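K.L.:
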Amino acid sequence: MALKYINKLEGKLVIIIGGTSGIGFAVAEACVEHGARVVVASRKQQNVDSTVAALKKAYPDAKGDIRGHTCDTAADDAESEMTRLFGYATDGGTVKVDHVVDTAGETGSPIHGLQSVTSEDLAKVQKSRVIGPILLAKVVQKYIKPESSSSFTMTSGVLTFRPFKAMSMQIAAGGGREVMTRALAVEMAPIRVNVVSPGAIQTPLLDLAAEAMGGKENMRQYFASTTLVNAVGTVEDCAEAYLCAIKNNFMTGTVLHAEGGTLLKT
Numbered sequence: 618m619a620l621k622y623i624n625k626l627e628g629k630l631v632i633i634i635g636g637t638s639g640i641g642f643a644v645a646e647a648c649v650e651h652g653a654r655v656v657v658a659s660r661k662q663q664n665v666d667s668t669v670a671a672l673k674k675a676y677p678d679a680k681g682d683i684r685g686h687t688c689d690t691a692a693d694d695a696e697s698e699m700t701r702l703f704g705y706a707t708d709g710g711t712v713k714v715d716h717v718v719d720t721a722g723e724t725g726s727p728i729h730g731l732q733s734v735t736s737e738d739l740a741k742v743q744k745s746r747v748i749g750p751i752l753l754a755k756v757v758q759k760y761i762k763p764e765s766s767s768s769f770t771m772t773s774g775v776l777t778f779r780p781f782k783a784m785s786m787q788i789a790a791g792g793g794r795e796v797m798t799r800a801l802a803v804e805m806a807p808i809r810v811n812v813v814s815p816g817a818i819q820t821p822l823l824d825l826a827a828e829a830m831g832g833k834e835n836m837r838q839y840f841a842s843t844t845l846v847n848a849v850g851t852v853e854d855c856a857e858a859y860l861c862a863i864k865n866n867f868m869t870g871t872v873l874h875a876e877g878g879t880l881l882k883t
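My numbering puts the last residue of the sequence shown at 883; the count rises by one with no breaks.
1) Cβ atoms of D689 and E698: under 7 Å apart, would you say?
2) Could you give the first and the last residue of the continuous beta strand (DSSP E) run that contains N811?
3) When DSSP labels each residue in this structure, what does F769 get in the three-state scheme?
4) Figure out for me which residue from A671, N865, V810 and S667 has the closest Cα to the Cα of V649.
5) Hey, would you say S814 sits closer than 7 Å to V742, going by beta carbons?
6) CA-CA distance, M786 and K621?
7) Can you list, in chain order, the stretches of the beta strand (DSSP E) that have 3 or more residues and sit fully within the region 643–720?
8) Would you mind reading off the limits of the beta strand (DSSP E) that contains I748?
9) Can you give me the start and stop residues for the beta strand (DSSP E) that A875 sits inside?
10) Which residues mark the beginning and the end of the alpha helix (DSSP H) in which I788 is found?
11) Return the residue from the list A740, I634, G628 and A790 that minimises the CA-CA distance to D693.
12) Pull up the distance between the alpha-carbon of V718 and that of A679, whole angstroms please.
13) Quick check on DSSP: helix, strand or coil for L739?
14) Let me check understanding here. Comparing Cα to Cα, which of E834, Y859, K782 and S766 lies closest to V812?
15) Please return the same chain residues whose Cβ sits closer than 8 Å to the Cβ of V747, not counting the five positions on each side in sequence.
16) According to DSSP, is L825 helix, strand or coil?
17) Can you tell me which residues form a DSSP beta bridge with I634?
18) Determine, using beta carbons only, whether T820 and T879 come nearer to each other than 7 Å.
19) Do the CB positions of A800 and T869 come within less than 7 Å of each other?
20) Under 7 Å Cβ to Cβ from T637, same chain only, skipping five residues before and after it: list those, please.
21) Residues in the same chain with beta-carbon distance under 8 Å from V627, minus the five sequence neighbours each way, listed in chain order, please.
22) Do you know offhand how far S765's Cα is from G816's?
23) Please report the straight-line C-alpha distance between R701 and D682, rounded to a whole angstrom.
24) Could you tell me which of D738, G635, V756 and S736 sits nearest to Q662, measuring between CA atoms?
25) Could you check the C-alpha separation between M771 and A619 for me, to the nearest Å?
26) Cα separation between E828 and N835?
Below, the structure written as structure tokens:
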């Protein structure tokens, strides 16, 4: 029996930027389990190496289809880094990419109110969350199959819709990414462009934010209380939203929410 749903990613080439930890790693696992050829990318070579090794150990039958390469989408020469990544993934441009997922997020982003914001803070956030994705879209268009079966999926966040104090910079950049999704969907058509908006998902990045906001356990309990399901989300659940964006050939310009009902909680 042909499995037309489960095998939809069989043999497809998927690049996951930010794929060495958190949500990105879960997306990489999911794509491998669906039969895709996966290339994970991250800023640090040691993270890339350890992730590739972990994936190959977890999925020994897929060893030949799991690779990795460094890429810093917020670097001064970001476009060159992206071009090197895609050149590696496509064997020098001899094959085309099917799907690109961007889950990369900067760590150490300052969290403070407007009274303390500096132009340097703003530039750092914009570089990673706005400028980087636009340059990435430019490079993606050169290497991806120009078909509606191909996709470029970005990441924003629930705070765009339910803001916290002292995070105006990050929220503004996240909102820009969602507007960018619609614009890129028009410009890159028929390639599909979507964005996943996660809520509080248990990741190393969430732990960093929790520490900055008063301690891990207290903030984890608080984040859970902001949802209808009374829980912090898992990366495995969040990865399902990315799979939907990747596999649904009739979805583009859309924000997919994975936030446990936070937007409905009063």
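We treat Cβ as the ideally placed atom computed from N, Cα and C, and that holds for glycine.
Please read these numbers as outputs of a predicted model, since none were measured by experiment.
P.N.:
The short version:
1) Yes, they are a contact pair.
2) N811: member of the beta strand (DSSP E) spanning R809 to P815, first to last residue.
3) In the three-state reduction of the DSSP assignment, F769 falls in the strand class.
4) Closest by alpha carbon: A671.
5) Result no, Cβ atoms of S814 and V742 do not sit closer than 7 Å.
6) Note on geometry: alpha-carbon atoms of M786 and K621 lie some 43 Å from one another.
7) Taking only runs of at least 3 residues, the beta strand (DSSP E) segments lying wholly in the region 643–720 are 654–659, 683–687 and 716–719.
8) Careful: I748 lies outside any beta strand (DSSP E) and carries neither H nor E.
9) V872 to A875 is the span of the beta strand (DSSP E), which, as asked, contains A875.
10) Its alpha helix (DSSP H) spans residues S785 to M805.
11) Looking at the Cα atoms, A740 is the closest of the given residues.
12) About 20 Å.
13) Residue state, collapsed to three classes: helix.
14) Of the candidates E834, Y859, K782 and S766, the residue whose Cα lies closest to the Cα of V812 is Y859.
15) So the qualifying residues of the chain are A790, G793, R794 and M797.
16) Reduced to three states, the DSSP call for L825 is helix.
17) Its beta-bridge partners are A658 and D719.
18) Contact flag unset, no.
19) Contact: no.
20) Within the same chain, T637 has close Cβ partners V657, S659, N664, V665 and T668.
21) Before going on, a small fix: residue 627 reads as Glu here, not Val. Only H651, G652 and A653 meet the Cβ criterion.
22) Approximately 28 Å between the Cα atoms of the pair.
23) Using only the alpha carbons, I get a separation of about 19 Å.
24) Nearest C-alpha to Q662 among D738, G635, V756 and S736: G635.
25) Rounded to the nearest angstrom, the two C-alpha atoms are 31 Å apart.
26) The alpha-carbon atoms of E828 and N835 are separated by roughly 9 Å.
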